[in-house]
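Participant: Handing you this structure, nothing more for now.
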Amino acid sequence: MNLKKIEEERKALVSRLRTLCLRERILGGTVTRTMVGNSLRMTVTDRVDGRTRTLFVPAERQEEVSRWNENWKEMRGLLKGLSELQRTELRVSIGQESAAATSVRDVVPQRLRKRRPRSRG
Numbered sequence: 010m011n012l013k014k015i016e017e018e019r020k021a022l023v024s025r026l027r028t029l030c031l032r033e034r035i036l037g038g039t040v041t042r043t044m045v046g047n048s049l050r051m052t053v054t055d056r057v058d059g060r061t062r063t064l065f066v067p068a069e070r071q072e073e074v075s076r077w078n079e080n081w082k083e084m085r086g087l088l089k090g091l092s093e094l095q096r097t098e099l100r101v102s103i104g105q106e107s108a109a110a111t112s113v114r115d116v117v118p119q120r121l122r123k124r125r126p127r128s129r130g
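Encoded structure:
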C-alpha cells in the first residue's frame, strides 16, 4: 500500500467521523433489552471510574437510543481503522511495507465503512 492510497482512505474515514460527530447523536455503553411481564425494558450500562452506571430507557425513546448506540459502535470501528492506517503509514515510511501492510478493508467491517441510510421518525 502506498502513501497516496493510505491518505485517501484516511480522508474518507475522517470525513465519516466528522459527519457522525456533527450530525448524529452518540451514546456509549451496553444496551440491554429485557422482557418484564409483557413489556420490553431497555437499559444502558457503562463503567465510570470503576463504578457501573445503569440508565433506564423509556419505551418511547428505545429506538432512538439504539440508533445512538449503533453510532457509538460505528465510531469505535472508524477509530480502529484510522489507527491501523497510521500503523501502515508508519511501516511504509520506515521501509517495512511488506511486514503485514494492512488496509482499512482488513480492519473495519464493511457495514461500518459506508453510511447506511436511516429512517427518520
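The working numbering numbers the first residue of the sequence shown as 10 and each following residue consecutively.
C-beta atoms are modelled at their ideal positions from N, C-alpha and C, and glycine is treated no differently.
Quick caveat: nothing in here was measured; it's all calculated off a predicted structure.
1) Residues in the same chain with beta-carbon distance under 7 Å from Arg-19, minus the five sequence neighbours each way, listed in chain order, please.
2) Suppose contacts are defined by Cβ-Cβ distances below 8 Å. Is Ile-15 in contact with Glu-98 by that definition?
3) Does DSSP put Ala-108 in a helix, in a strand, or in coil?
4) Of all the options Arg-100, Val-45, Lys-82 and Thr-43, which has the alpha carbon lying nearest to the alpha carbon of Cys-30?
5) Near Arg-50, which residues of its chain fall below 6 Å by C-beta distance, leaving aside the five closest residues on each side in sequence?
6) Got a sec? Which residues, its chain only, sit under 6 Å from Val-74 by beta carbon, not counting five neighbours each side?
7) Put Leu-91 into one of helix, strand or coil per three-state DSSP.
8) Got a sec, what are the start and stop residues for the beta strand (DSSP E) Leu-49 sits in?
9) Which of the three DSSP states is assigned to Arg-70 in this structure?
10) Drop a sphere of 10 angstroms on the beta-carbon of Asn-78, count the other beta-carbons inside from all chains shown, and report buried for 16 or more, exposed for fewer.
11) Using the rule of at least 16 other Cβ atoms within 10 Å of the residue's Cβ for burial, across every protein chain shown, is Gly-46 buried or exposed?
Facilitator: In short, the structure shows the following:
1) Leu-91 and Leu-94
2) yes
3) Note that Ala-108 scores 46 on pLDDT, short of 50, meaning its location in the model is unreliable; the coordinates nonetheless yield the value given after this. DSSP places Ala-108 in coil when its eight states are reduced to three.
4) Lys-82
5) Thr-43
6) Val-66
7) helix
8) 48-57
9) helix
10) buried
11) exposed
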